[in-house]
Amino acid sequence: MASSDNPEIVERAIKEKEEKEDKKDEQKGGFLEKVKDFIQDIGEKIEETIGFGKPTADVTGIHIPSINLEKADIVVDVLVKNPNPIPIPLVDINYLVESEGRKLVSGLIPDAGTLHAHGSETVKIPLTLIYDDIKSTYDDIKPGSIIPYRIKVDLIVDVPVLGRLTLPLEKTGEIPIPYKPDVDLEKIRFQRFSFEETVALLHLKIENKNDFELGLNTLDYEVWLSDVSIGGAELQKSAKIDKNGMSYVDIPITFRPKDFGSAVWDMIRGKGTGYTIKGHINVDTPFGAMKLPISKEGGTTRFKKNKEDGGDDDDDEE
Numbered sequence: 001m002a003s004s005d006n007p008e009i010v011e012r013a014i015k016e017k018e019e020k021e022d023k024k025d026e027q028k029g030g031f032l033e034k035v036k037d038f039i040q041d042i043g044e045k046i047e048e049t050i051g052f053g054k055p056t057a058d059v060t061g062i063h064i065p066s067i068n069l070e071k072a073d074i075v076v077d078v079l080v081k082n083p084n085p086i087p088i089p090l091v092d093i094n095y096l097v098e099s100e101g102r103k104l105v106s107g108l109i110p111d112a113g114t115l116h117a118h119g120s121e122t123v124k125i126p127l128t129l130i131y132d133d134i135k136s137t138y139d140d141i142k143p144g145s146i147i148p149y150r151i152k153v154d155l156i157v158d159v160p161v162l163g164r165l166t167l168p169l170e171k172t173g174e175i176p177i178p179y180k181p182d183v184d185l186e187k188i189r190f191q192r193f194s195f196e197e198t199v200a201l202l203h204l205k206i207e208n209k210n211d212f213e214l215g216l217n218t219l220d221y222e223v224w225l226s227d228v229s230i231g232g233a234e235l236q237k238s239a240k241i242d243k244n245g246m247s248y249v250d251i252p253i254t255f256r257p258k259d260f261g262s263a264v265w266d267m268i269r270g271k272g273t274g275y276t277i278k279g280h281i282n283v284d285t286p287f288g289a290m291k292l293p294i295s296k297e298g299g300t301t302r303f304k305k306n307k308e309d310g311g312d313d314d315d316d317e318e
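Given below as C-alpha cells:
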C-alpha cells in the first residue's frame with residue numbers, strides 16, 4: 001500500500017516533528033532568557049558591589065583676584081565629590097554670568113580634567129568680565145555702580161554604568177563697575193621757600209564717585225606746575241573715602257622755583273598757576289583690592305604761606 005494511502009500516519013509524523021522543533025525552540029529560548037537574566041543579575045550585583053554613584057558638586061566660593069577700570073577677573077570654586085572607585089572624566093564646563101536676565105559673559109572649558117576616585121576636590125573656574133563690552137551692550141549700566149549677578153555652571157561628567165551626567169549649579173552676588181576717583185590740587189602750602197629749594201605740602205582733594213567706599217592705602221603721583229615737573233613719590237597714607245564722598249590728603253614735595261622761569265612771579269604774587277597731576281591710588285574695597293588711576297590736567301592752584309612766613313593762614317581748611 002502506498003504512503004499516500006495512509007494520510008493519518010504521515011500527518012501524525014509531521015505533527016510530531018513540528019512539536020519536537022517547537023519544544024527545542026522553547027528550550028533554546030528559555031536557555032537564552034536564563035543567560036540574559038543571569039548576566040543582568042551579575043551586572044546588578046557588580047554595580048552594587050563596586051558602588052557606582054552620581055557625583056555631587058557645590059559652589060563654595062567666588063573670588064575676585066584682580067579688578068580695575070577695564071576688567072574683573074573672577075574665580076569660581078566648585079567642590080566636586082566623586083563616590084566611585086575609579087577616576088571619572090570631567091568632560092566639559094559650561095558657564096554663564098548674567099545680571100537681571102541679561103548675559104554678561106559665557107564660555108566653555110573643554111576637557112576640564114579628571115576627578116579622583118573616592119575623593120573630593122575643588123575645581124577652579126576662571127572667567128573675566130570686560131567692562132567696555134558690558135557698557136557698550138547695556139548703556140544703562142553706569143560706571144561706579146554695583147550690579148547683581150547670577151553665575152550658572154554646568155559640570156558634565158562621564159560615569160561608567162550611569163553614562164554622561166550634567167551637574168547644574170548657580171550662585172548669586174554683586175560686583176562693581178569701578179569709576180576712577182576725581183582729584184584736585186586745591187593749594188600748595190609752603191613749609192620752606194627759596195628759589196633754590198622749596199619744601200611744600202600739596203593739599204589734594206580726592207572724590208570717590210563709586211557706590212562703595214574706598215580704603216586708601218598708598219598713593220603714587222607726579223606733579224607738573226606750569227608744564228615743569230616738580231617730581232613725585234609714593235606715599236603710605238591711610239584714609240577712608242565714603243561712597244560718593246571725598247577726602248583730603250596732604251602730600252609732601254620738594255622743588256626748585258627758579259626752574260619755572262617767569263611763572264614763578266605769578267606764584268609769588270598769589271595769582272595761581274596751572275598744574276597737572278597723574279598717579280594711582282591703591283585702595284581696599286568690599287570687593288577686594290584695587291589700583292585706580294587719578295589724573296587732573298589743566299587745573300589751577302594757589303600758593304599759600306604759613307603764618308610764620310608772613311602768610312595769612314585764613315582759609316579754607318576743610
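Under full-length UniProt numbering, think of the first position of the sequence shown as 1, with each following residue one higher.
The beta carbon of each residue, even a glycine, is placed where N, CA and C say it ideally should be.
Can you name the start and end residues of the beta strand (DSSP E) that residue i belongs to?
i, result
"residue 319", "No statement about residue 319 is possible, as the shown extent of the chain runs from 1 to 318 and does not include it."
"residue 190", "182-192"
"residue 241", "228-241"
"residue 65", "56-67"
"residue 179", "Where residue 179 is concerned, there is no enclosing beta strand (DSSP E), given that its DSSP letter is neither H nor E."
"residue 214", "214-225"
"residue 94", "88-99"
"residue 199", "198-207"
"residue 282", "273-285"
"residue 82", "71-82"
How many angstroms separate the CA atom of residue i from the CA atom of residue j?
i, j, result
"residue 95", "residue 211", "28 Å"
"residue 250", "residue 67", "27 Å"
"residue 128", "residue 106", "9 Å"
"residue 164", "residue 277", "59 Å"
"residue 143", "residue 134", "11 Å"
"residue 188", "residue 78", "53 Å"
"residue 283", "residue 209", "14 Å"
"residue 102", "residue 147", "11 Å"
"residue 191", "residue 179", "34 Å"
"residue 118", "residue 126", "25 Å"
"residue 122", "residue 55", "13 Å"
"residue 227", "residue 131", "33 Å"
"residue 240", "residue 232", "22 Å"
"residue 43", "residue 99", "The predicted position of residue 43 is uncertain, since its pLDDT is 46 and thus under 50; no value can be drawn from it."
"residue 207", "residue 60", "36 Å"
"residue 202", "residue 110", "54 Å"
"residue 120", "residue 167", "15 Å"
"residue 87", "residue 93", "17 Å"
"residue 46", "residue 288", "Because the pLDDT of residue 46 is 48, which lies under 50, any placement of that residue in the model is unreliable, and the number read from its coordinates should be weighed accordingly. Roughly 51 Å separates the two Cα atoms."
"residue 217", "residue 235", "9 Å"
"residue 80", "residue 72", "25 Å"
Apply the 10 Å Cβ neighbour rule to residue i and answer buried if 16 or more other Cβ atoms are within range, or exposed otherwise.
i, result
"residue 181", "buried"
"residue 199", "exposed"
"residue 2", "Confidence at residue 2 is low in this model, with a pLDDT of 48, below 50, so its placement is unreliable and no value can be given for it."
"residue 84", "buried"
"residue 369", "The structure shown does not extend to residue 369, since the chain spans only 1 to 318, so no value can be given for it."
"residue 281", "buried"
"residue 82", "buried"
"residue 108", "exposed"
"residue 153", "buried"
"residue 161", "exposed"
"residue 261", "exposed"
"residue 273", "buried"
"residue 301", "buried"
"residue 279", "buried"
Just to check, is the beta-carbon of residue i closer than 7 Å to a non-hydrogen atom of the ligand ZN?
i, result
"residue 106", "The ligand ZN is not part of this structure, which contains no ligands at all."
Practice prompt. Run through the stretch 112-154 for me and flag every whole beta strand (DSSP E) of 3 or more residues, listed as ranges in chain order.
Written response: The DSSP assignment places 119-130 as complete runs of the beta strand (DSSP E) inside the stretch 112-154, in order along the chain (cut-off: 3 residues).
Discussion item. I'd like to know if the stretch 165-181 and the stretch 61-77 are in contact, where contact means that at least 3 CB-CB pairs between them fall below 8 Å.
Written reply: The stretch 165-181 makes contact with the stretch 61-77: 3 or more CB pairs, one atom from each, lie closer than 8 Å.
Item to complete: May I ask you to verify whether the stretch 190-207 touches the stretch 243-258, counting CB pairs closer than 8 Å and requiring at least 3?
Response: Verdict: yes, contact present.
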